[in-house]
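Written below as structure tokens is the structure these notes are about.
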């Protein structure tokens, strides 16, 4: 795994020697996130977000396990059990608000992580597998978050579950039986709540498993970098520890500051007030809105308002909403430009920023009621979303003249200057060849 | 190549479906009375408004509790708040015991000799007893409307305590009612006349609410602390109490938050320092 000049694990302490020769777990950690993993020296702050996403998952698992000790997955008492966590459990309000806002932090971090991959071409060869696994993680996260939002059994929980599971009924012929089978009934009720709780507890561990594969696949070619140029030699890299552990430590501090600000000072800002009303199947809320991280996809779902090519509008919406994520699986083969980083792709760079603006507008539309002018804006921006990935990106490289790439990462970093003091590359080369 | 052709065709399908929908003519937007005459909550400031420093005013919460007890609790339950919780807003243990004992509704229980249903006086450990035995009884007693439970009401409405204050003090005479633009409601929407049994309130989403004006006259309650019980004062106080009922740990949260934030700020500065130190000899 990784580059030939990667430092080798040499346990000094006899106990670690004893462990390492029987179970090389310390070696695994050393090679994965220690000094044994050489990383490009020029990563910017956008490369902090992978670690931060892992941190967010860990926070969700820890707070979630404790919450599950107090939560009751029963339609009659679920709402009150959450309120009792807020009122009677020691620091229960903190656990619950941290878990609620932890989900938002997880999505903020993951969206930045995904857009970083899009900007710097991290999905391209040889990192396609890293990207594919990442899309799988994203899908699992969405399923987990959706089912978690159902658990407090408030009005938005119930009606959100009603709308989202209703997608399956849009399928021709098999739709209605599948819908009933998934819910364990004709509408969300105790059976649905129980299975959602079971799956909400299971899926985070599946995510953790896929994250291990994601990191494993990443460590074969090593990390991408802002120039998108391959690592050429030891002078281009620094060991993960201490260089990037220190940088990630600072990133984690900023992450926690924002997380604390949300949890302690605005815990309900990203939620919907209706979810503090107990679920009532007989009273439909005026506007059913999902959580903010689903708004762009909700906008795409609702943008399809006409039957087209003998397919009903509702089915178009459902196919498009899933298609909007599924197309990411094909992105490595849709984009044929050999240049990774958008810094050297003048036209793609413009398209990228238009996409960012487009997704933000879609988010705003997803939150807004289904009235004019929102519906029209949503239809235009949804069309652009698909056009970006399926039409613009596949052909843009035919017209684009990439800027000249630097010969190496080091050249890009030093810009003609020399490294002060002893050249780091030579030193490491010497010690690496000495070890072999 | 196959992926790109397939993607291109799928892209054309989605984009064409959306552009056709985009170009479809729209029905003229329906303008409703609720849309034009609904009002945003009145400006009012509470001691707990500040998201960082905000604290409850114990005197105000106690006054608000008195309004809830003497006015709201005749119809509205508050099932998630217990008498013991009142110690948090400054009542002493004996006071809480007396409040529980004197509560107008007793707690349903069974006779421990015969097993027959009966009632007993409330204890500090009891949750506030509900005024109606069940939803059917509540609807029967309220012209078929269900008075919502008030435990989380301040968090379940956009605007929170501000909205509640406006709602309970904002009833108006519908005849001649004008909005900010000076348009008269019944002139513009003659059909929007409040049906019998409902009450006109411009702060309520659809303008017509089943609840009769709860705060009808000055001095409806006699405050123990001598504060003059104007309608606005009672509305302000009860909304504050409902905010506390919905978010009893707010002060805890703010206090903990400030400590956590300061700790993290120092930790993050130290982390930044060590990041800079470690990278000092390295251009990047």
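Protein chains in written order, with my numbering: chain A, 10 to 445; chain B, 1428 to 1711.
All C-beta atoms in this analysis are idealised placements derived from N, C-alpha and C, irrespective of residue type, glycine included.
Just so it is clear, the structure is predicted and the values come from calculations on it, not from any experiment.
Is the shortest distance between the beta-carbon of residue i and the beta-carbons of chain D less than 8 angstroms?
i                       : result
residue 1453 of chain B : The displayed structure is made up of protein chains A and B, and chain D is not among them.
With 8 angstroms as the threshold, decide whether the Cβ of residue i is near any Cβ in chain A.
i                       : result
residue 1675 of chain B : yes
residue 1479 of chain B : yes
residue 1458 of chain B : no
residue 1563 of chain B : no
residue 1699 of chain B : yes
residue 1671 of chain B : no
residue 1706 of chain B : yes
residue 1527 of chain B : no
residue 1680 of chain B : yes
residue 1579 of chain B : yes
residue 1683 of chain B : yes
residue 1687 of chain B : yes
Nearest to residue i by CA position, among the options, is which residue?
i                       : options                        : result
residue 1712 of chain B : B:1661, B:1617, B:1624, B:1493 : Because chain B is modelled from 1428 through 1711, residue 1712 of chain B falls outside the range shown and cannot be assessed.
residue 1645 of chain B : B:1639, B:1656, B:1651, B:1582 : B:1656
residue 1676 of chain B : A:93, A:73, A:62, A:80         : A:93
residue 65 of chain A   : A:334, A:378, A:355, A:115     : A:115
residue 222 of chain A  : A:41, A:12, A:111, A:390       : A:41
residue 17 of chain A   : A:411, A:36, A:302, A:177      : A:36
residue 378 of chain A  : A:413, A:61, A:365, A:297      : A:297
residue 1705 of chain B : A:269, A:45, A:257             : A:257
residue 1513 of chain B : B:1540, B:1535, B:1552, B:1544 : B:1552
residue 1612 of chain B : B:1651, B:1662, B:1628         : B:1628
residue 1673 of chain B : A:95, A:86, A:80               : A:95
residue 176 of chain A  : A:272, A:80, A:310             : A:310
residue 1589 of chain B : B:1430, B:1470, B:1432         : B:1470
Report buried or exposed for residue i, applying the criterion of at least 16 other Cβ atoms within 10 angstroms of its Cβ.
i                       : result
residue 285 of chain A  : buried
residue 1641 of chain B : buried
residue 1649 of chain B : exposed
residue 207 of chain A  : exposed
residue 57 of chain A   : buried
residue 367 of chain A  : buried
residue 408 of chain A  : exposed
residue 1723 of chain B : Residue numbering for chain B in the displayed model covers 1428 to 1711; residue 1723 of chain B lies beyond these limits and cannot be assessed.
residue 38 of chain A   : exposed
residue 436 of chain A  : At residue 436 of chain A, the pLDDT of 44 sits below 50, so the modelled position is not reliable; the number obtained from the coordinates is stated separately. Answer is exposed; the Cβ neighbour count stays below 16.
residue 1493 of chain B : buried
residue 393 of chain A  : buried
residue 1703 of chain B : exposed
Kindly say whether residue i, judged by its beta-carbon, lies nearer than 8 angstroms to any beta-carbon of chain B.
i                      : result
residue 85 of chain A  : no
residue 381 of chain A : yes
residue 299 of chain A : no
residue 389 of chain A : yes
residue 269 of chain A : yes
residue 295 of chain A : yes
residue 20 of chain A  : no
residue 247 of chain A : yes
residue 201 of chain A : no
residue 279 of chain A : no
residue 102 of chain A : yes
residue 310 of chain A : no
residue 236 of chain A : no
residue 36 of chain A  : no
residue 435 of chain A : Its pLDDT being 44, under 50, residue 435 of chain A is placed unreliably by the model, and the measurement read from it follows with that caveat. Output row for residue 435 of chain A: interface = no.
residue 110 of chain A : no
residue 332 of chain A : yes
residue 370 of chain A : no
Task: Uninterrupted beta strand (DSSP E) stretches inside the segment 1651-1693 of chain B (no shorter than 3 residues) - done: none
Open item on the list: My parser needs the alpha helix (DSSP H) runs of 4 or more residues fully inside the segment 10-41 of chain A; what are they?
Closed with: 23-31
Task: Short-range partners of chain A found in the segment 1599-1619 of chain B, where Cβ spacing is below 9 angstroms - done: none
TODO: Please go through the segment 38-71 of chain A and give each complete alpha helix (DSSP H) segment of 4 or more residues, from N-terminal end onward.
DONE: none
Task: Chain-ordered residues of the segment 65-90 of chain A with a beta carbon less than 8 angstroms from chain B - done: 89
Task: Ranges of the alpha helix (DSSP H) found wholly within the segment 318-378 of chain A, counting only runs of at least 4 - done: 322-335, 340-343, 355-376
Open item on the list: What are the residues in the segment 391-416 of chain A lying within 8 angstroms of chain B by C-beta distance?
Closed with: 391, 392, 395, 396, 398, 399, 400, 403
Task: Continuous alpha helix (DSSP H) assignments of at least 4 residues falling wholly in the segment 75-154 of chain A - done: 87-96, 101-129
Task: Residues in the segment 337-354 of chain A having any Cβ partner in chain B nearer than 8 angstroms - done: 339, 342, 343, 345
Open item on the list: Please give the ranges of any beta strand (DSSP E) in the segment 383-421 of chain A, keeping only runs that are unbroken, at least 3 residues long and fully inside the region.
Closed with: none
Task: Proximal residues, the segment 1433-1445 of chain B versus chain A, C-beta separation under 9 angstroms - done: 1433, 1434, 1435, 1436, 1437, 1438, 1439, 1440, 1441, 1442, 1443, 1444, 1445
- [ ] Return the chain-ordered ranges of every beta strand (DSSP E) run that is complete within the segment 233-268 of chain A and spans a minimum of 3 residues.
- [x] 246-248
TODO: Please name the residues in the segment 1539-1558 of chain B whose beta-carbon is closer than 7 angstroms to at least one beta-carbon of chain A, in chain order.
DONE: none
Task: Where the segment 130-162 of chain A meets chain B: residues whose CB sits under 8 angstroms from a CB there - done: none
Task: Positions along the segment 1506-1520 of chain B whose CB lies within less than 7 angstroms of some CB in chain A - done: 1507
- [ ] Counting only runs of 4+ residues fully inside the segment 1547-1575 of chain B, write out the alpha helix (DSSP H) ranges in chain order.
- [x] 1562-1567
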